[in-house]
Structure formats: structure tokens, C-alpha cells
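Okay, structure first, notes after.
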Amino acid sequence: MKKVYINSIASISPQKTFDNTIFLDEITDYNDTVIFAQDPDYKQYIPPAAARRMAKGIKMGVVASKIAMEEAGIETVDAIITGTGMGCMIDSEKFVSAIIDNNEQYLTPTSFIQSTHNTVAGQIALGMECKAYNFTYVHSAISFESALLDAKMQLESDEAEHVLVGGVEELGEHTTKVHRLINHIKPEAVAISKVLNSKTEGAVFSEGTNFFVVSNERKESCYAELVAVETFNTLQKEKVSETIETFLKENNLKAAEIDVVVFGNNGDVDFDSFYNQLSEGILSKTQQVFYKHLVGENNTVSAFGVWLASKILKTQTIPEIVKINKINPSDIKTVLCYNQYRGQNHSLVLLKKC
Amino acid sequence: MSKGIAITGMGIISAIGNNVAENYDALINERKGITRVDNVETIQRDEIMVGEVKFTNSELIAQLDLPPDNNYSRTAMLGAIAAKEAIASAGITDIKKFKTGIVSGTSVGGMDMTEKCYYEYLTEKKFQKYIESHHAGDSTQKIAEQLEIEESLVTTISTACSSAANAIMLGARLIKSGKLDRVLVGGADCLSKFTINGFKTLMILSDTFNTPFDENRKGLNLGEAAAFLVLESDEIVKAENRKVLAYVKGYGNANDAFHQTASSDNGDGATLAMEKALKVAELKPSEIDYINAHGTATGNNDLSEGRAILRIFGEELPEFSSTKAYTGHTLAAAGAIEAVYSVLALQNNVIFPNLNFKTPMKEFSIIPQTELKKKELKTVLSNSFGFGGNCSAVIFSKEA
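If you want it as C-alpha cells, here you go:
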């Protein structure tokens, strides 16, 4: 079985993360309940006429995939695999509301065409003229991890050498509005420094995209070795510690050997206890970091966790702004990412220094 | 590499039957399930024909014995019914005995409830429970809940009309890699105003019975359905003394990279997908005994697919047919529906007719099988193609 490496990364998020030469050097402060992705200069990557037809998610996905490809120094891949929990919300909303508002009349196909979940992967393939394997996973908070696992299996068995993997999510106005009604969004604005201890229910909703080139060959640009990915549709709170210990054991590790753990805390008073029991328990002596205060919550934001872990491993630095505690490990060799959303769809991603 | 993955159970609900036996009976008796739409309120009713499961949502809720406060979308309910039949038919009594996961395909997800309650969500509290069931993965979570599959790998694929074929592909990979011992693979999609109007704007809906591979084809009939197959490792097959229905022998996925919704004239993506599937199966084109074509009856698909089939099979073309004239195009579920039909074909050594065909296409001379035909079948190739250039082919075989 071949080893799998993350050879490049790309992130478009509510922080200025699209420039790979910096690492959360300057933080955009938010005090809100919904935060949007910061736009890179799209026209550097997409002809303006084409960009005008694309909803934000498609634009972000296409651009992030190009940044990742550039950094990996490759022209094409053996597979394009994306994850998106909610899909192309903007076009979906446009088409549904047009159906209702006009009583199924005077409709045009553009928004329908762009509403399918695999639009981003399809557009990337079109742009790259890549006829390879093309998949899109749409399973809530584990959409990205499903894509990552698929890529990993193909690379390990040498069915593919390079795979472009990414997660993408865009905010839709109506979807945001209805999620407020069911308290999935925080009731009041919260500053990024207060998210972790906000003690209110719901999360700060967001959008963004993260892409990676993963390969079974270690490139100069390598960030990390992708050791293991595991997802769980359900997991009782009481069983999380045990599950993590089993997962680590399968990878010949103990909790004490984890140098950094990346948690998916989003400040939701009802669900952060999934992580807090670990901070106080089996991972209490481990350096803990989190990121959702900076980039918000969305179905594929856990890919930002993998982005953060990759950056930490490559640069061997941990920005102060993401630290939960202060262990400050000197040599960072092993990073574990744990995420769940509203108590469901848990994921574990294990990375090592390459 | 060429060793097939065992299929030990299957379940289906479609416009031509509520279980595997009913579907088979309709297939061999040439009974199609294409009618006017009854369960979706749409002004397009008189202009389109659909392949509809005739149960109302309340009837489906009753069948599944769901509590009144449930928030199951129609997709989830159709999926749960087919998934339960699949598990029962495999003879599985203890789901937790082996590491079991689910891979499902859907394109509509919970859109049926979203479009019904879109603005009502803002004011009517009683509908708000469905907000959480909109996203595509929810239907799969619900199926897992119905089967009591917990703490496991449960995921969803959405590659438009090739979703379920891709779910079968991933499932086979998960067994091969040892990630899972057993996996339920398939797909579910219900009819919705969203897809009815979407395909209408693309002007690819027929106003009458769809006629795959016919020169005068007028487009597709949308359908709704769900189907699941149980894939199990050789260890389980041996330990549990399972009856193997057929094997997933090969699979291929490629992207046409031509247009967001249209297939290339020469069917590049489809050709690549079939080539890859043959390679994984270690079979020559001449060793394929029947092709269950995607055959949606749109001008574009049937021409592109026909050319791709010719590119692969040339002079050695086996019988081929599309079963879309029976069921309509069931979108993300189609690959699973036709997987069940492919297995039925293998089990019964029968080729299902391509109904409604009259006039050969002028672009080529190939003609689908139009009558039920008995033939000893060892292998069946099933095609599924979708928006976004997604092309998939899966090969099923009688022997491992």
C-alpha cells in the first residue's frame, strides 16, 4: 500500500487565506452571526465573462482548485473529488423561488443547470479538460472527509497518482433565513474572540472552500502525510474518547503521542461538549487548536481544519489566535482533527509531518 | 483485481412495482409504469408523463410506521423501503454482527418538502421540522436510522443521474480495501416540481411515452424510485453461507468534460467509463452478454451513448436495451434501479425489451432488443450518465 501525501493546499474563507505565503498573519475581526468568504481576485483565474455566470460557490471552487494545482506544480489529475453538504444554494434558491413566484412559468434553465451538487466538480473538469474520475459527496459535515477517503483509497492502491480533493459551501439568503428560525444560527452577533465561550445555541454560519492535491508521491511542496480518515454517522458523546483511542491504536498511536489536536468547536453550547470532554480528558495534555471562530461553521469547513493542520505541520508554527491551551510543542509530528455537527456525522483525520 | 464483489441482497420500489418480485413481473410482461403525475401538484400535469410510485406520503409514512412528528422526505421514505427489502432479502438478521455502512446516491434529497414549504417555513412552525431534511445527506442518515446502522461509514454521492452507479462503485472499493465488511449501496430520488420544471426548461421532457433509441424520440419521462443492493465480503459470504445473487465485477467512471448538461457527440466520457469498467473486470468487449443502456430517450443522450457503445463494441455488439420506457428516468436512483434489473437479467437469463421502439436512428444502424429474449447471460454492463459530464459504467457477472 502506498503512502498518501498532501502536496498542496488552497483556501478561500472569511479570513484572507487564499495567499499560501502567509499563515493567518492578519485576522479579519467579525462581530456577526453569518460571515462571508473573502474574495480573491477572481479575474486572475477566470475570464470575467465566465465568472459572471458563476455563483460564488462555483467561482470559489474553481479558483481554489487552480491555486492548489499551481502549488503542486501539476497540470492534470487522475481524479477530481469534491464534497458539499448543501450544494449550490444560490442557484437552487433562485430556481425554487422562481417556480413558486411565477407559478411554474417563464422559467429559464441556467439556475437549474447550476443547481446540481456536482456543478463545481464538473466546472473544474471542464476548465482543466480533465476526463478523469469525477465524484461529489454530499453528506453534511462529512462530505469533505468522504471525498478525502475516496482519494486516499485510490492513491493507496495506486489506481491514481494525483487527486484533487476539495470542499465547498456557499451561503444562500433564504437558507440562512430559515436556519435562523430553528436556532441553528446564533441568536446574536458574536465577536471572534467570544465565540468559544458564547454560551448560546447555534453557530456563526459561513461559506468557503478548501482544496488539496493529494498524491502517492511526496513532492517538494509537501505539507503532510495523510495517515487515516474515518467517519461515523452517529456517535454517542460517551463513546467519543473510546472511539478516538481505538482509531489511534489502529494507527499505532496513543493519545499522548498526538502533538496537536484540531477541534471543530463552534461555540454551540449544546454541542461543544463533544470536544470539551476531550480537552479535559484524554487530550488534556495535548496542544488544542480550533478555527471556527475565524471562519464560521458550514458543512465542509472541517476541510479548513485539515488546511490548518497541514499549515501547522509544514511551518511548525501555531498562530496564537487558534490556540485553546498553551502546551506549545516544539516538534510537531502528529496532528489529529476531530469534527462533528450537531452531534452527528463525526470525522477523524490523522496527519503526520512529511 | 478482477475478483468480483458479492451481491447478496436487493430491494427496489419504482413505478413498476413495490418490490423486486413486482418489478420483475412487470419487466417480463412488458408493463410500463408511465402515467400522468398524481402526487406532485404541477401545472405541467397535462404536458408530461412520469414514472411515479403511486403511494402518497401518508401511505409511505404508514408503511414505515413513522411517528407523526417525523421529518422524512419522500426520498428518504422510498429509500428506506427499498433498503429494508434489500437487507431482508440478504437474510440479515443482526446488522451489527459485521461492520456495515451505507453509500446512497440522490440528487433531489429533501427538495420535495422544501418546495412545498419554502415560504411557509418563515411563518408556519409546524413545517419547520423539514428544514433539516433538505440536504441530500439527510435521506441517507434516515435510511441508516431505519436499519439501525450506527457509528459507521454512511455517506451520500450526488453526481446527478449517475449517482447510484457511483455509489455501487464506492461500495465495491470499500469492501475491496477492507474498510467495510458489508455495505448497502444504491440510490433514491422522488419526483419534485424542481426537477419537473428544470428538465422542462431544458426542453428534454417528452409529452408522451418515452422511446429510447428511436429516431423520433421526444425526450425523457421523469421517474421516482429507490433501489439498494447488499454487497458483502467473501468472508461474510462464507461464514454466513450466503446465496450470492451476482457480483460487481467491474466499474469505471470518467468525465466527458464537454458541457455542463450535454454529452459530447462522440460520447468520449461514456467510452472511457466503459473501457475502464472492462479493464477492472478484466473482460473483453466480446465477453459482455447484454448492455442495459442509460437510454434516456433524449436526442442527445441516445446519440452520444449509441456512438460510445459502437466505439467499444463495434461488430461484436451484444443485445442492448434501455428500461427507461418502463420506469422513466429516475435520476440519481437510475444506476441502482438498473443494477437490480441487471442482476435479475443474470439470474433469469433474460434480456428485457426496449419498449416503444419503432424507427432506427439515422445516425447508425444499431437497434435495441425490442422483445423479451431468453439468453444465457454471464455478464451485463449497465451505463449511467449525468449532468456535469459524469459517466459511469458497472459490470455485473454471474461468477466471481
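Which chain is which? The protein sequence lines are Z and B, in order.
First residue of the first sequence: 1, per this note's numbering; consecutive thereafter.
First residue of the second sequence: 1, per this note's numbering; consecutive thereafter.
Glycine is no exception: its CB is placed at the ideal position from the N, C-alpha and C atoms.
Any chain Z beta carbon closer than 7 Å to residue i
i, result
"R74 (chain B)", "no"
"A136 (chain B)", "yes"
"A165 (chain B)", "no"
"K193 (chain B)", "yes"
"E151 (chain B)", "yes"
"S382 (chain B)", "no"
"G98 (chain B)", "Checking the sequence shown, residue 98 (chain B) turns out to be Phe, not Gly. So, not an interface residue."
"N210 (chain B)", "no"
"V185 (chain B)", "no"
"N197 (chain B)", "yes"
"E115 (chain B)", "yes"
"V394 (chain B)", "no"
"S14 (chain B)", "no"
"T330 (chain B)", "no"
"T201 (chain B)", "yes"
"N301 (chain B)", "no"
"A160 (chain B)", "yes"
Residue-level contact to chain B via CB, residue i, 7 Å cutoff
i, result
"G85 (chain Z)", "yes"
"Y137 (chain Z)", "yes"
"S146 (chain Z)", "yes"
"T358 (chain Z)", "One cannot answer for residue 358 (chain Z) here, as it falls past the ends of chain Z, which runs 1 to 354."
"S233 (chain Z)", "One point to set straight first is that residue 233 (chain Z) is Asn, not Ser, in the sequence displayed. Chain B, which has a Cβ nearer than 7 Å to the Cβ of N233 (chain Z), makes this yes."
"V229 (chain Z)", "no"
"K371 (chain Z)", "Because chain Z spans 1 through 354 in this model, residue 371 (chain Z) falls outside it and cannot be assessed."
"L348 (chain Z)", "no"
"I99 (chain Z)", "yes"
"L313 (chain Z)", "no"
"C337 (chain Z)", "no"
"L107 (chain Z)", "yes"
"V4 (chain Z)", "no"
"V96 (chain Z)", "yes"
Residues bridged to residue i [DSSP beta-bridge criterion]
i, result
"I81 (chain Z)", "Z:F135, Z:V165"
"A226 (chain B)", "B:I13, B:A188"
"N355 (chain Z)", "No information on residue 355 (chain Z) is available, as it lies outside the stretch 1 to 354 that chain Z covers here."
"R180 (chain Z)", "Per DSSP, none; premise fails for R180 (chain Z)."
"F232 (chain Z)", "Z:H346"
"Y251 (chain B)", "B:V394"
"D32 (chain Z)", "Z:V190"
"T379 (chain B)", "B:S397"
"K323 (chain Z)", "Z:V289"
"A246 (chain B)", "B:I7"
"F127 (chain B)", "In DSSP, F127 (chain B) forms no bridge with anything."
"S133 (chain B)", "In the DSSP output, where bridge partners are listed per residue, S133 (chain B) has none listed."
"N210 (chain Z)", "Z:S11, Z:G167"
"S104 (chain B)", "B:T156, B:G186"
Within chain B, the residues that residue i reaches when beta carbons sit closer than 8 Å
i, result
"I90 (chain Z)", "In chain order: nothing, as chain B lies at least about 15 Å away."
"Q366 (chain Z)", "Examination of residue 366 (chain Z) is not possible in this model, given that chain Z is present from 1 through 354 alone."
Residue i: contacting residues in chain Z (beta-carbon distance under 9 Å)
i, result
"F387 (chain B)", "I113, T116, N118, T119, G122"
"N255 (chain B)", "I80, A121, G122, A125, L126, C130, K131, A132, Y133, N134"
"I131 (chain B)", "T175, V178, H179, L181, I182, H184"
Residue i at chain A interface by Cβ criterion, 7 Å
i, result
"Q146 (chain B)", "Among the protein chains in the structure shown, which are Z and B, there is no chain A."
Residues that residue i contacts on chain Z, provided the C-beta gap is smaller than 8 Å
i, result
"L122 (chain B)", "K177, V178, L181"
"Y404 (chain B)", "Given a span of 1 to 400 for chain B in the structure shown, any question on residue 404 (chain B) remains unanswerable."
Contact test: residue i Cβ vs the ligand ZN heavy atom, cutoff 6 Å
i, result
"D268 (chain Z)", "Absent from the structure shown: the ligand ZN. Ligands present: none."
Interface partners of residue i on chain Z, CB under 7 Å
i, result
"R401 (chain B)", "As shown, chain B starts at 1 and ends at 400. That puts residue 401 (chain B) outside it, with no answer to give."
"L170 (chain B)", "D150"
Within chain B, the residues that residue i reaches when beta carbons sit closer than 9 Å
i, result
"E104 (chain Z)", "T42, I43, Q44, K193, I196, N197, K200"
Could you list the residues in the stretch 57-90 of chain B with a C-beta less than 9 Å from some C-beta on chain Z, going in chain order?
Correct list: empty, as no residue qualifies.
When the Cβ atoms of the stretch 326-337 of chain B are set against those of the stretch 149-165 of chain B, are three or more pairs found closer than 8 Å?
Because the criterion of three Cβ pairs below 8 Å is met, the stretch 326-337 of chain B and the stretch 149-165 of chain B touch.
Any chance the stretch 36-47 of chain Z sits against the stretch 90-106 of chain Z, with 3 or more Cβ pairs inside 8 Å?
These segments do not touch.
Using a Cβ distance threshold of 8 Å, determine whether the stretch 255-265 of chain Z contacts the stretch 322-338 of chain Z, with at least three qualifying pairs required.
They touch, by the three-pair rule.
Quick one: any contact between the stretch 70-78 of chain Z and the stretch 216-230 of chain Z, if contact means 3 or more CB pairs under 8 Å?
Between the stretch 70-78 of chain Z and the stretch 216-230 of chain Z, the count of C-beta pairs closer than 8 Å reaches three or more; the two stretches touch.
Pair every Cβ in the stretch 194-211 of chain Z with every Cβ in the stretch 159-177 of chain Z, then say whether three or more of these pairs are closer than 8 Å.
Short answer: they touch.
Closer than 9 Å, Cβ to Cβ, to anything on chain Z: give me those residues from the stretch 258-278 of chain B, in chain order.
Taking 9 Å as the Cβ-Cβ cut-off against chain Z, the residues of the stretch 258-278 of chain B that qualify are F258, H259, Q260, T261, D268, G269, L272, K276.
Quick test of the definition: if touching needs 3 or more C-beta pairs under 8 Å, does the stretch 280-287 of chain B touch the stretch 337-344 of chain B?
Using a C-beta cut-off of 8 Å, the stretch 280-287 of chain B makes no contact with the stretch 337-344 of chain B, since fewer than three inter-stretch Cβ pairs fall below that distance.
Tell me whether the stretch 292-312 of chain B and the stretch 204-217 of chain B touch, counting them as touching only if at least three CB pairs, one residue from each stretch, are closer than 8 Å.
With the cut-off at 8 Å, the stretch 292-312 of chain B and the stretch 204-217 of chain B touch.
Three or more beta-carbon pairs under 8 Å between the stretch 79-86 of chain Z and the stretch 107-125 of chain Z, yes or no?
Enough Cβ pairs lie closer than 8 Å, so yes.
Could you tell me whether the stretch 389-399 of chain B touches the stretch 258-278 of chain B, where touching means 3 or more Cβ pairs closer than 8 Å?
Segments in contact, yes.
Three Cβ pairs or more, each shorter than 8 Å: is that satisfied between the stretch 248-259 of chain Z and the stretch 280-298 of chain Z?
Contact annotation: the stretch 248-259 of chain Z touches the stretch 280-298 of chain Z, with at least three C-beta pairs closer than 8 Å.
Below 8 Å, can you find three or more Cβ-Cβ pairs linking the stretch 178-190 of chain B to the stretch 224-233 of chain B?
Touching, yes, given that three or more Cβ pairs across the two stretches are closer than 8 Å.
Would you call the stretch 99-106 of chain Z in contact with the stretch 149-163 of chain Z, where contact means no fewer than 3 C-beta pairs closer than 8 Å?
Too few Cβ pairs lie closer than 8 Å, so no.
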